[in-house]
Amino acid sequence: KGGPGKGGYFSPYTNPMLKNGPDGEYLTDRIGSEVIKFIDDNKNKTFFAYVPFYSVHTPIQSKGEYEQKYLKIKGDENHNRADYAGMIQSLDENVGKILNKIDELNLLDKTLIIFTSDNGGIRAISNQFPLKAGKGSYYEGGIKVPLIFSWRGKIKVKSESFERVSNIDFFPTIKKIVGYEKKIKLDGLDLSPIFEKKKLVSRSLFFHFPIYLESYNVYLDNGTDPLFRTRPGSVIIKDDWKLHHYFEDNKLELYNIQEDISESKDLSEINKEKTEELFSDLNKWREDKKAPIPLKKNPEYDQKFVDSLNFLISNNNKDI
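Numbering-wise, the working numbering puts 222 at position 202 of the sequence shown, and it's gapless, one number per residue.
In structure tokens form, the structure reads like this:
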């Protein structure tokens with residue numbers, strides 16, 4: 021499951037696929053310990069460990085002593101949740117435990133470590149400023165995430181790359197590293213040339229989400245509109261340009277995300293040539309991939325009701 025369930029991060033757990041630990045056991049610690057056991061059991065053969073810690077995911081629940089620690093530390097307007105900070109400390113500790121185990125077994129030279137996230141944080145809980153919006157959105161706050169590769173002897177320590185990549189690139193990268201020669205149709209690119217500071221082949225990135233995602237906090241989401249974190253649509257990123265397309269009204273938004281990382285200045289009407297170029301590329305990609313696009317309108321849709329609701333939200337009316 022994508023979250024630990026209503027019972028949260030402390031044993032006894034409500035996730036039926038997870039055996040309970042001692043009462044009060046913290047789930048992030050449990051996962052870290054399970055991975056260490058797995059590595060120990062497989063240290064003499066090739067292993068792959070996929071470790072999706074539930075942290076940091078709702079419900080926001082920290083160990084009590086960690087939350088108390090961060091309550092004593094002043095945050096800022098964007099990061100002021102002591103419980104969230106406590107969850108991050110537990111995540112860091114358990115990533116550290118795993119890395120220490122790999123080091124202890126003298127496997128760092130043989131092990132590629134990838135650290136990343138599936139999406140940005142929920143903006144109402146942890147604001148991604150200066151990135152716009154957050155989890156569930158096509159704006160950079162929703163899709164721009166941390167990515168770290170570590171491999172002793174293969175990747176220079178503290179080296180940086182500014183190539184624009186995607187998690188779909190992990191598959192061809194790992195395929196190349198393990199020397200699997202059989203052809204498999206994969207969407208991503210092999211990222212191993214970056215380890216040697218080489219440039220990748222120029223390509224566009226595409227994002228397609230043809231459904232609605234409900235709001236988390238109508239006042240703070242800062243998504244497509246107050247009612248939804250996102251509406252059905254697609255996005256293309258080509259070079260430093262990013263085009264949003266929303267299906268309901270054919271709305272287009274164009275941003276230069278190198279110059280305007282906050283996506284605050286829509287250039288679609290100013291730079292029509294670039295808008296048309298990216299829109300053409302996006303349409304071709306959707307046709308090639310047979311990407312599903314909703315075509316039937318909701319017969320019960322009430323524009324007056326939506327306008328009224330948006331008015332109340334924009335005026336910060338808490339009575340909605």
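Heads up, the beta-carbon is just placed ideally off N, CA and C, and yes, glycines get one too.
Quantities reported herein were computed from a predicted structural model and do not represent experimental measurements.
Is L161 helix, strand or coil when you go by DSSP?
The count along the sequence shown starts at 1 and reaches residue 161 at position 141. Residue 161 is actually Gly in this sequence, not Leu. Helix, per DSSP.
Quick one: any contact between the segment 199–217 and the segment 102–112, if contact means 3 or more CB pairs under 8 Å?
The segment 199–217 and the segment 102–112 do not touch, with fewer than 3 CB-CB distances between them shorter than 8 Å.
Mind checking L91: buried by the 16 CB within 10 Å criterion, or exposed?
Sequence index remark: in the sequence shown, residue 91 carries index 71 (1-based). By the C-beta density criterion, L91 is exposed, having fewer than 16 other C-beta atoms within 10 angstroms.
Kindly indicate which three-state DSSP category E113 falls into: helix, strand or coil?
Start at 1 with the first residue of the sequence shown, and residue 113 comes out as number 93. In this structure, DSSP gives E113 a helical state, which the three-state scheme calls helix.
Whether G165 touches G140 by CB criterion (9 Å):
Locating residue 165 in the sequence shown gives position 145, counting from the first residue. Locating residue 140 in the sequence shown gives position 120, counting from the first residue. Looking at the sequence provided, one finds Val at residue 165 rather than Gly. Yes, these two residues count as a Cβ contact at 9 Å.
6 Å Cβ shell around I168 - same chain, five flanking residues per side excluded
On the sequence shown, position 148 is the one that residue 168 refers to. So the list reads F135, once near-sequence residues are dropped.
Which residue's Cα is closest to the Cα of K26: K57, K65, T78, V238?
Within the sequence shown, numbered from 1, the residue matching residue 26 stands at position 6. The option with the nearest alpha carbon to K26 is T78.
Give me the Cβ distance between L240 and R143, rounded to the nearest whole Å; I'm assuming they're in contact under 8 Å.
Against the sequence shown, residue 240 aligns to sequence position 220. Against the sequence shown, residue 143 aligns to sequence position 123. That pair is a contact at about 6 Å.
Would you decide whether F325 is buried or exposed? Buried here means 16 or more other CB atoms lie within 10 Å of its CB.
As a working mapping, residue 325 is identified with position 305 in the sequence shown. Counting Cβ neighbours within 10 Å, F325 comes out exposed, since fewer than 16 surround it.
Alpha-carbon to alpha-carbon, D96 and F190:
In the sequence shown, the residue the question calls residue 190 occupies position 170. In the sequence shown, the residue the question calls residue 96 occupies position 76. Going from the Cα of F190 to the Cα of D96 covers about 35 Å.
Is it true that the CB of P150 sits closer than 9 Å to the CB of I281?
Locating residue 281 in the sequence shown gives position 261, where the first residue counts as 1. Locating residue 150 in the sequence shown gives position 130, where the first residue counts as 1. Yes, these two residues count as a Cβ contact at 9 Å.
What is the DSSP secondary structure of S186, counted as helix, strand or coil?
Here residue 186 refers to the residue found at position 166 when the sequence shown is read from its first residue. Three-state DSSP puts S186 in coil, outside helix and strand.
DSSP three-state label for G84, please.
Within the sequence shown, the letter at position 64 stands for residue 84. G84 falls in the helix class under three-state DSSP.
How big is the Cα-Cα spacing for G22 and H99?
Stepping through the sequence shown from its first residue, residue 22 is reached at position 2. Stepping through the sequence shown from its first residue, residue 99 is reached at position 79. Approximately 24 Å between the Cα atoms of the pair.
Using the Cβ count rule (16 or more neighbours within 10 Å means buried), how would you classify S146?
In the sequence shown, the residue the question calls residue 146 occupies position 126. By the C-beta density criterion, S146 is buried, having at least 16 other C-beta atoms within 10 angstroms.
Cβ contact check for the segment 221–230 and the segment 256–268: 3 or more pairs under 8 Å:
Three or more beta-carbon pairs drawn from the segment 221–230 and the segment 256–268 are found closer than 8 Å, and the two stretches are therefore classed as touching.
Can you give the Cα-Cα distance for Y275 and I93, rounded to whole angstroms?
As a working note, residue 275 is residue 255 in the sequence shown. As a working note, residue 93 is residue 73 in the sequence shown. Computed Cα separation, rounded: 37 Å.
Mind checking who T372 pairs with in its DSSP beta bridge?
No information on residue 372 is available, as it lies outside the stretch 21 to 340 that the chain covers here.
Continuous beta strand (DSSP E) stretch holding F331: start and end:
Residue 331 sits at position 311 when you count from the first residue of the sequence shown. No beta strand (DSSP E) contains F331, which is instead part of the alpha helix (DSSP H) from 323–334.
Quick check: what's the CA-CA separation for K89 versus G106?
For the purposes of this step, residue 89 is taken as residue 69 along the sequence shown, with counting starting at 1. For the purposes of this step, residue 106 is taken as residue 86 along the sequence shown, with counting starting at 1. So the alpha carbons of these two residues sit roughly 8 Å apart.
Return the first residue and the last residue of the alpha helix (DSSP H) that F215 is part of.
By 1-based counting over the sequence shown, the position of residue 215 is 195. Judged by DSSP secondary structure, F215 falls within the alpha helix (DSSP H) whose first and last residues are 212–215.
Taking CB distances under 9 Å as the criterion, tell me whether G173 reaches chain B.
The chain inventory of the structure shown lacks chain B, comprising one protein chain alone.
For Y46, does the three-state DSSP call read helix, strand or coil?
Start at 1 with the first residue of the sequence shown, and residue 46 comes out as number 26. Collapsing the DSSP output to three states places Y46 in a strand.
Going straight from the alpha carbon of H264 to that of E273, what length do you get?
Residue numbering aside, residue 264 sits at position 244 when the sequence shown is read from its first letter. Residue numbering aside, residue 273 sits at position 253 when the sequence shown is read from its first letter. H264 and E273 have their C-alpha atoms roughly 5 Å apart.
Among the candidates T250, G84, P36, whose CA atom is the shortest distance from the CA of K271?
Locating residue 271 in the sequence shown gives position 251, counting from the first residue. For K271, the closest alpha carbon among the candidates T250, G84, P36 is that of T250.
Boundaries of the alpha helix (DSSP H) in which W305 is found, first to last residue
Taking the first residue of the sequence shown as 1, we reach residue 305 at position 285. In this chain, the alpha helix (DSSP H) harbouring W305 covers 292–309.
R184 versus K304, K292, K262, F73, residue with shortest Cα-Cα distance
As a first step, residue 184 must be located in the sequence shown, where it is residue number 164. Minimum Cα distance to R184 is reached at K262.
Could you say which of K121, P319, Y86, L132 lies nearest to G173 if we only look at CA atoms?
For the purposes of this step, residue 173 is taken as residue 153 along the sequence shown, with counting starting at 1. Ranked by how close their Cα comes to the Cα of G173, the residues K121, P319, Y86, L132 have L132 in first place.
Once you ignore the five residues that flank G346 on each side, which residues in its own chain have a CB closer than 7 Å to its CB?
The chain is shown from 21 up to 340; residue 346 falls before or after that span and cannot be answered.
Classify I231: buried if its beta carbon has 16 or more other beta carbons within 10 angstroms, exposed otherwise.
Taking the sequence shown and counting its residues from 1, one reaches residue 231 at position 211. So I231 ends up on the exposed side.
When the Cα of K309 is compared with those of L206, I80, E160, K202, which residue comes out closest?
Residue numbering aside, residue 309 sits at position 289 when the sequence shown is read from its first letter. Each of L206, I80, E160, K202 was checked against the Cα of K309, and the nearest Cα belongs to L206.
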